[in-house]
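Novice: Residue numbers (the numbering used here): 2 to 293.
In this text, a Cβ means the ideal position worked out from N, Cα and C, and glycines have one as well.
For clarity, every value in this text was computed on a predicted model and none was experimentally measured.
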């Protein structure tokens with residue numbers, strides 16, 4: 002669904018995702034974590050639609066619950082006791098810290114998911130093939146292999162099921178034998194595919210010196226403006242972090258939420274950064290609407 006944000010220069014997209022993921026990890030503060038999670042959810046909806054968000058919720062919500070519930074059950078620090086569970090105190094500080102950590106991990110996972118949809122393999126190669134071509138190619142091929150193996154695994158399992166060798170039926174020994182057969186077929190396919198890829202790369206001149214390159218990506222004025230905004234907002238957020246606004250004290254007592262003028266400016270700057278892809282898309286939609 003997203004057109005404008007995916008169309009910007011790969012260097013700008015990579016810079017945005019690098020900073021937002023770093024900020025989400027560094028900022029252990031409920032406000033910053035909540036903003037980051039909201040921005041990731043909104044961008045995920047723009048990229049994948051409602052169905053993509055539903056599948057993401059099914060995947061990450063159990064992880065969120067596990068972390069959010071595990072921390073207060075095993076960590077009894079804090080002075081504000083909510084109740085006792087088998088003579089163990091469950092404190093407000095531990096519950097808040099668990100919720101914050103769980104939301105932070107889910108936000109990071111969502112940002113990485115959005116990154117994989119925006120930063121395609123050709124964009125990644127374009128950015129890093131100039132100074133690390135072997136590493137860039139290796140990472141790209143590895144990331145490509147994982148989904149290909151999943152697709153091939155389903156195809157092999159379906160074919161085996163059609164001839165009466167369903168790995169989900171039979172006793173334990175029979176299921177293991179059928180699973181090993183599927184694994185052997187899958188590994189054989191992977192090695193054959195690797196050999197074909199190597200032959201294809203050699204035939205196309207991979208590794209030949211003094212080759213010319215061609216790219217569809219051009220850095221224009223719009224990309225320069227967006228990059229300046231990204232770096233400016235990132236600088237403001239980093240300044241706020243080093244001033245102590247990015248981390249909240251949870252133990253032994255929850256620190257009061259800062260609502261000073263500087264704190265509100267930092268919240269606004271981080272919100273603008275996290276929702277920058279949404280703002281870019283909204284601006285593009287308005288532009289097309291008034292051009293009709």
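Run through the DSSP bridge pairs and tell me what residue 90 is partnered with.
Specialist: On the chain shown, position 89 is the one that residue 90 refers to. Answer by DSSP bridge pairing, in chain order: 85.
Novice: Which residues in the same chain have their Cβ closer than 7 Å to the Cβ of residue 115, if we skip the five residues on either side of it in sequence?
Specialist: Residue 115 sits at position 114 when you count from the first residue of the chain shown. Result list for residue 115: 41, 44, 45 and 48, in chain order.
Novice: Report the CB separation of residue 36 from residue 271 in whole angstroms; it is logged as a contact under 8 Å.
Specialist: Position 35 of the chain shown holds residue 36. Position 270 of the chain shown holds residue 271. About 6 Å separates the two Cβ atoms, so the contact holds.
Novice: Does the beta-carbon of residue 266 have 16 or more other beta-carbons within 10 angstroms, so that it is buried, or is it exposed?
Specialist: For this step, residue 266 is matched to residue 265 along the chain shown. Residue 266 should be labelled exposed.
Novice: Could you check whether residue 227 and residue 13 sit closer than 9 Å to each other, using their CB atoms as the reference points?
Specialist: Against the chain shown, residue 13 aligns to sequence position 12. Against the chain shown, residue 227 aligns to sequence position 226. The answer is yes: Cβ separation under 9 Å.
Novice: For residue 178 and residue 145, I'd like the C-alpha separation in whole angstroms.
Specialist: In the chain shown, the residue the question calls residue 178 occupies position 177. In the chain shown, the residue the question calls residue 145 occupies position 144. The alpha-carbon atoms of residue 178 and residue 145 are separated by roughly 28 Å.
Novice: What residue from 66, 140 and 10 has the CA that sits closest to residue 101's CA?
Specialist: Here residue 101 refers to the residue found at position 100 of the chain shown. With distances taken between Cα atoms, residue 101 lies closest to 66.
Novice: Pull up the distance between the alpha-carbon of residue 27 and that of residue 247, whole angstroms please.
Specialist: Along the chain shown, one-based indexing puts residue 27 at 26. Along the chain shown, one-based indexing puts residue 247 at 246. Straight-line Cα distance between these residues: approximately 7 Å.
Novice: Just how far apart, CA to CA, sit residue 53 and residue 59?
Specialist: By one-based count along the chain shown, residue 53 stands at place 52. By one-based count along the chain shown, residue 59 stands at place 58. Rounded to the nearest angstrom, the two C-alpha atoms are 10 Å apart.
Novice: Can you tell me whether residue 80 is helix, strand or coil according to DSSP?
Specialist: Within the chain shown, residue 80 is the residue found at index 79, counting from 1. If DSSP states are grouped into helix, strand and coil, residue 80 belongs with coil.
Novice: Assign residue 73 to one of two classes, buried (16 or more other C-beta atoms within 10 Å of its C-beta) or exposed (fewer than that).
Specialist: The sequence position of residue 73 within the chain shown is 72, counting from 1. Result: buried.
Novice: Answer with buried or exposed for residue 57, where buried requires no fewer than 16 other C-beta atoms within 10 angstroms of its C-beta.
Specialist: Position 56 of the chain shown, counted from the start, is the residue given in the question as residue 57. It is buried - the Cβ of residue 57 has at least 16 other Cβ atoms within 10 Å.
Novice: Quick check on the burial criterion: 16 or more other C-beta atoms within 10 angstroms. Buried or exposed for residue 105?
Specialist: Translated into the one-based positions of the chain shown, residue 105 becomes position 104. With 16 or more other Cβ atoms within 10 Å, it is buried.
Novice: Does the distance from the CB of residue 263 to the CB of residue 287 come in under 9 Å?
Specialist: In the chain shown, counting from the first residue as 1, residue 263 sits at position 262. In the chain shown, counting from the first residue as 1, residue 287 sits at position 286. Their beta carbons are not under 9 Å apart, which means residue 263 does not touch residue 287 by this criterion.
Novice: In or out: residue 97 buried (at least 16 other Cβ within 10 Å) or exposed?
Specialist: If you number the chain shown from 1, residue 97 lands on position 96. Its Cβ being crowded by 16 or more others within 10 Å, residue 97 is buried.
Novice: Buried or exposed: where does residue 225 fall if 16 or more other Cβ atoms within 10 Å of its Cβ makes it buried?
Specialist: As a working note, residue 225 is residue 224 in the chain shown. So residue 225 counts as exposed.
Novice: Can you look up residue 149 in the DSSP assignment and give me helix, strand or coil?
Specialist: The residue given as residue 149 occupies position 148 in the chain shown. Helix, per DSSP.
Novice: Taking residue 71 as the reference, which of 151, 95 and 87 has the closest Cα?
Specialist: Walking along the chain shown from the start, residue 71 turns up at place 70. The shortest Cα separation from residue 71 among 151, 95 and 87 belongs to 95.
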